[in-house]
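The listed protein sequences derive, respectively, from chains A and B.
In this text, residue positions in the first sequence follow our numbering: the first is 7, and each later residue adds one.
In this text, residue positions in the second sequence follow our numbering: the first is 7, and each later residue adds one.
2 protein chains.
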Amino acid sequence: MAKINENFEKLPGSYLFAEIARRTEAFQEANPDADIIKLGIGDVTRPLVSAVREAMHEAIDEQASSDTFKGYGPYEGYAFLREAIAEHDYASRGMDIEPDEIFVSDGAKSDCGNIGDILSVDNTIAVCDPVYPVYVDSNAIEGRAGEYDVDAEEWTRIHYMPTTAENGFCPALPSGDVDVIYLCSPNNPTGTVLTSEQLKAWVDYANAHDALIMFDAAYERFITEPDIPHSIFEVEGAKTCAIEFRSFSKTAGFTGMRCGYAVIPKALVRQGQSLNELWMRRQSTKFNGASYIIQKGAAAIYTPEGAKQVEASLDYYRQNAKVIKEGLESAGLEVYGAVNSPYVWCKTPHAMGSWDFFNKLLEEAQVVTTPGAGFGPAGEGYIRLTAFGDADQTREAVERIKRIL
Amino acid sequence: MAKINENFEKLPGSYLFAEIARRTEAFQEANPDADIIKLGIGDVTRPLVSAVREAMHEAIDEQASSDTFKGYGPYEGYAFLREAIAEHDYASRGMDIEPDEIFVSDGAKSDCGNIGDILSVDNTIAVCDPVYPVYVDSNAIEGRAGEYDVDAEEWTRIHYMPTTAENGFCPALPSGDVDVIYLCSPNNPTGTVLTSEQLKAWVDYANAHDALIMFDAAYERFITEPDIPHSIFEVEGAKTCAIEFRSFSKTAGFTGMRCGYAVIPKALVRQGQSLNELWMRRQSTKFNGASYIIQKGAAAIYTPEGAKQVEASLDYYRQNAKVIKEGLESAGLEVYGAVNSPYVWCKTPHAMGSWDFFNKLLEEAQVVTTPGAGFGPAGEGYIRLTAFGDADQTREAVERIKRIL
Numbered sequence: 007m008a009k010i011n012e013n014f015e016k017l018p019g020s021y022l023f024a025e026i027a028r029r030t031e032a033f034q035e036a037n038p039d040a041d042i043i044k045l046g047i048g049d050v051t052r053p054l055v056s057a058v059r060e061a062m063h064e065a066i067d068e069q070a071s072s073d074t075f076k077g078y079g080p081y082e083g084y085a086f087l088r089e090a091i092a093e094h095d096y097a098s099r100g101m102d103i104e105p106d107e108i109f110v111s112d113g114a115k116s117d118c119g120n121i122g123d124i125l126s127v128d129n130t131i132a133v134c135d136p137v138y139p140v141y142v143d144s145n146a147i148e149g150r151a152g153e154y155d156v157d158a159e160e161w162t163r164i165h166y167m168p169t170t171a172e173n174g175f176c177p178a179l180p181s182g183d184v185d186v187i188y189l190c191s192p193n194n195p196t197g198t199v200l201t202s203e204q205l206k207a208w209v210d211y212a213n214a215h216d217a218l219i220m221f222d223a224a225y226e227r228f229i230t231e232p233d234i235p236h237s238i239f240e241v242e243g244a245k246t247c248a249i250e251f252r253s254f255s256k257t258a259g260f261t262g263m264r265c266g267y268a269v270i271p272k273a274l275v276r277q278g279q280s281l282n283e284l285w286m287r288r289q290s291t292k293f294n295g296a297s298y299i300i301q302k303g304a305a306a307i308y309t310p311e312g313a314k315q316v317e318a319s320l321d322y323y324r325q326n327a328k329v330i331k332e333g334l335e336s337a338g339l340e341v342y343g344a345v346n347s348p349y350v351w352c353k354t355p356h357a358m359g360s361w362d363f364f365n366k367l368l369e370e371a372q373v374v375t376t377p378g379a380g381f382g383p384a385g386e387g388y389i390r391l392t393a394f395g396d397a398d399q400t401r402e403a404v405e406r407i408k409r410i411l
Numbered sequence: 007m008a009k010i011n012e013n014f015e016k017l018p019g020s021y022l023f024a025e026i027a028r029r030t031e032a033f034q035e036a037n038p039d040a041d042i043i044k045l046g047i048g049d050v051t052r053p054l055v056s057a058v059r060e061a062m063h064e065a066i067d068e069q070a071s072s073d074t075f076k077g078y079g080p081y082e083g084y085a086f087l088r089e090a091i092a093e094h095d096y097a098s099r100g101m102d103i104e105p106d107e108i109f110v111s112d113g114a115k116s117d118c119g120n121i122g123d124i125l126s127v128d129n130t131i132a133v134c135d136p137v138y139p140v141y142v143d144s145n146a147i148e149g150r151a152g153e154y155d156v157d158a159e160e161w162t163r164i165h166y167m168p169t170t171a172e173n174g175f176c177p178a179l180p181s182g183d184v185d186v187i188y189l190c191s192p193n194n195p196t197g198t199v200l201t202s203e204q205l206k207a208w209v210d211y212a213n214a215h216d217a218l219i220m221f222d223a224a225y226e227r228f229i230t231e232p233d234i235p236h237s238i239f240e241v242e243g244a245k246t247c248a249i250e251f252r253s254f255s256k257t258a259g260f261t262g263m264r265c266g267y268a269v270i271p272k273a274l275v276r277q278g279q280s281l282n283e284l285w286m287r288r289q290s291t292k293f294n295g296a297s298y299i300i301q302k303g304a305a306a307i308y309t310p311e312g313a314k315q316v317e318a319s320l321d322y323y324r325q326n327a328k329v330i331k332e333g334l335e336s337a338g339l340e341v342y343g344a345v346n347s348p349y350v351w352c353k354t355p356h357a358m359g360s361w362d363f364f365n366k367l368l369e370e371a372q373v374v375t376t377p378g379a380g381f382g383p384a385g386e387g388y389i390r391l392t393a394f395g396d397a398d399q400t401r402e403a404v405e406r407i408k409r410i411l
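Here you go:
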């Protein structure tokens, strides 16, 4: 008799975005004329830049002839892309990352979800609270989370690290031993960043405990402050304790194209095994490389023209983030993130609950946000707004919120 | 201390194609003027058809404007593609498969490798011998294979089913209980197919034992004989016991584009759980959909023009398969496959070993093949040739082989 993976039965429903959609639809139905503006979704909206489109058109034209046709590509991605990444994302900031420490994939979500394949079930996982749900759910499926406690909204075997205004959005180092630590900077959902000093403390902890840091840098392109690290490998010692995940999704509007990469240094060894080699074996067994067309598009963002175009798109979103932050602050709200991130993390006024403030903004301003409680218990009392919308609509949404507060 | 997945240490090296490359290079170095023809690789070489290229060009152009820009797509694939698949690959052959039973992915290898995520480690796996290595290696990584016995070239917990000329390339039903059975028809590497009657016996076995059949139909488009099932769902009862994997790789030359799909019927339930729902949860947790551009390209093969063009490409390969089969037979060799498959499975003459015959063909005819022993112990005494090469080169290779035998 075939037996299923019983860990799936333990997963709580993922109701957050479904519940947001349900409430939004219900409001729209009751108020057919309401002009609802959505600032809740973490998806990009700007067009793909022309350098990327042209590179993909060329890549397709190559497929018209046997001489230039591309079949199976390297499991780890084409050298042209890995070399561009090594040069522009690492060497340019003084980091020595080799192309064979870079693994191109169909996206950072796949990498974050699949990385557990090379780890034992017998690891204690630490995550920030609030948190991007993929880290937790993928570990839960693989049996590292224990049981889900509905009342606490926590898994019994996961070590949660509250990450709130009270601790400056830098989680405290764990008192007990943890084996695998997920960090995300710029953070989703809080939009806050970790400084070099804060990251150094984590790197030192991980090296001292032979722990692993899973560092999610999907939003690094939104960093505007000069001293904030874009990569954990800017921190001394990280090569012996960290894996970094990067994505073209937010960098270059690739959410629908699908491309990202993981960096696994050759110096990263646990129990005598090279994690770089383990991941190569995992990828060659269960993955057949990212699409050639998409890899050519991704490589185009590293050309001078492509880089300039991508920066212009990013500036559009950065300006939205600024508009949201300044607008909400001028209305007297306590606002975090936004400066180095497309996410704005806003404390609810008068200690309102996340969902209550969500309802108020929907009903009175016709603006859709994301209740912070949806990202974990420590997200209660916050809402998340995103800078990925249309600029005019974003300004309008902020004006409406200011009027009702 | 972070602990790695110790199952990786048990994996034997995957030396087959590396060893073929090593021997080929050594021969070329010793014989710089030798004109080597490669018929060993299972990768396509024909251009992408124009209908596919045009659809992808259009999809890229859509990304130039915010109005038509595509961000995150559905985890399970766009409805336009799933509906085309349901109609053209299933309804057209009398099968009732709903679009929400179809999950589009970045390829059948990913699906075959990842499907284990929804199954318990506590399942006994059965595979054909010889076998496509992904089924075995992915289960080994997940802990379902036991230990690797170097002398037997077998894993202790895997149930191997010899699939040879002696049993007409249809494995015998297991005597003991097995839980998950991998079948592949048209088969890689043997090129042989299972008939409706043979598949019915497996479906009945699986339903009687609450087992699961993982049915790999990546090569179904190569079937030319009218009575051979293209899908396991042509067999009564399959919806309660089977998952089917399909790919655009060989159908439409997508090995470098990356697109495939899995069919998981809603009627497929084990331990009270819907496997369709489990897979949707797996995909939504660890995957973010296949690239929009590539899905548009895949959908183009279901248009009248696209279908015609794809058939022409397939005919090119089918003709190669025929040339290889007839040529080798005329040289007195015992040949299987080819009729419904791009693979030709050839018994070595005079009971030669696979590698000995490989060496003979390389050294005397300058033709590269794949030794059958590389696919499992029961592949010893065979070699695999593929029909994916250039037509002129394929004819030339066959003439050379005929001359040296």
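Heads up, the beta-carbon is just placed ideally off N, CA and C, and yes, glycines get one too.
Pairwise C-beta distances place the stretch 145-159 of chain A out of contact with the stretch 197-208 of chain A, as fewer than three of them are shorter than 8 angstroms. Taking a beta-carbon distance threshold of 7 angstroms, Gly266/A does not count as an interface residue toward chain B. In the structure shown, Ser237/B falls within a coil segment according to DSSP collapsed to helix, strand and coil.
Interface criterion met: the Cβ of Leu284/B is under 7 angstroms from a Cβ in chain A. Annotated three-state conformation of Pro377/B is strand, per DSSP.
In the three-state DSSP reduction, Thr201/A falls in the coil class, being neither helix nor strand.
Assignment of Val140/A by DSSP, reduced to helix, strand and coil, places it in the helix class.
From the beta-carbon of Asp123/A, the residues of chain B found nearer than 7 angstroms are Asn11 and Ile147. Residue state for Leu22/B is assigned as helix, using DSSP reduced to three classes. Spanning the alpha carbons of Ile300/B and Cys265/B requires a straight line of approximately 7 angstroms. Sequence-ordered contacts of the stretch 372-399 of chain A with chain B are nonexistent [C-beta pairs closer than 7 angstroms]. Taking a contact to require three or more Cβ pairs closer than 8 angstroms, the stretch 303-319 of chain B and the stretch 370-383 of chain B do not qualify as touching. Scanning chain A for C-beta atoms nearer than 7 angstroms to the C-beta of Gln277/B yields Lys9 and Ile10, reported in chain order. The beta carbon of Asp73/B sits no closer than 7 angstroms to any beta carbon of chain A. In the DSSP assignment, Cys134/B falls outside any alpha helix (DSSP H) and within the unbroken beta strand (DSSP E) covering Ile131 to Asp135. Met167/A places its beta carbon 7 angstroms or farther from that of Ala223/A.
Rounded to the nearest angstrom, the gap between the Cα atoms of Tyr267/B and Cys190/B is 15 angstroms. Under DSSP, the beta-bridge partners assigned to Pro168/A are Asp135/A. In this structure, Asp117/B keeps its C-beta atom at 7 angstroms or more from the C-beta atom of Tyr78/A.
For the options Glu31/B, Gln69/B and Pro80/B, the alpha carbon positioned closest to that of Met286/B is the one of Pro80/B. Below 8 angstroms, enough C-beta pairs join the stretch 272-291 of chain B and the stretch 10-23 of chain A to call them touching: three or more. Within the stretch 112-136 of chain A, Asp112, Gly113, Lys115, Ser116, Gly119, Asn120, Asp123, Ile124, Leu125, Ser126, Asp128 and Asn129 place their CB atoms closer than 7 angstroms to a CB of chain B, listed in sequence order.
Going by DSSP, Ile407/A is part of no beta strand (DSSP E) but of the alpha helix (DSSP H) stretching over Ala397 to Ile410.
Under a 10 Å Cβ-count criterion, Asn326/A is classified as buried, with 16 or more other Cβ atoms of the shown protein chains found around its own Cβ. In this structure, Thr196/B and Trp351/B form a Cβ contact; the two beta carbons are roughly 4 angstroms apart against a cut-off of 8 angstroms. Close CB contacts of Ile108/A within its chain, under the 8 angstroms cut and outside five residues either way in sequence, are with Glu82, Gly83, Arg88, Ile91, Ala92, Tyr267, Ala268 and Val269 (chain order).
The beta carbons of Phe394/B and Thr51/B sit about 6 angstroms from each other, so the pair counts as a contact at 8 angstroms. Out of Phe33/A, Cys176/A, Lys9/A and Ser56/A, the CA that lies nearest to the CA of Glu370/A is found in Phe33/A. Annotation for Cys265/A: no beta strand (DSSP E) segment contains it, and DSSP assigns it neither H nor E. Contact annotation: Ala248/A and Phe221/A have beta-carbon atoms nearer than 7 angstroms.
A residue is called buried once 16 or more other Cβ atoms fall within 10 Å of its Cβ, and Gln277/B, having fewer, is exposed. What Thr51/B touches in chain A, judged by beta-carbon distance under 9 angstroms, is Ser72, Phe75 and Gly77, going in chain order. Between the stretch 321-340 of chain B and the stretch 359-369 of chain B, the count of C-beta pairs closer than 8 angstroms stays below three; the two stretches do not touch.
For Lys353/B, the uninterrupted beta strand (DSSP E) run begins and ends at Tyr349 to Lys353, by DSSP. Judged by DSSP in its simplified three-state form, Ser111/B adopts strand.
When C-alpha distances from Gln279/A are compared across Val209/A, Asp216/A, Arg28/A and Val142/A, the shortest belongs to Asp216/A.
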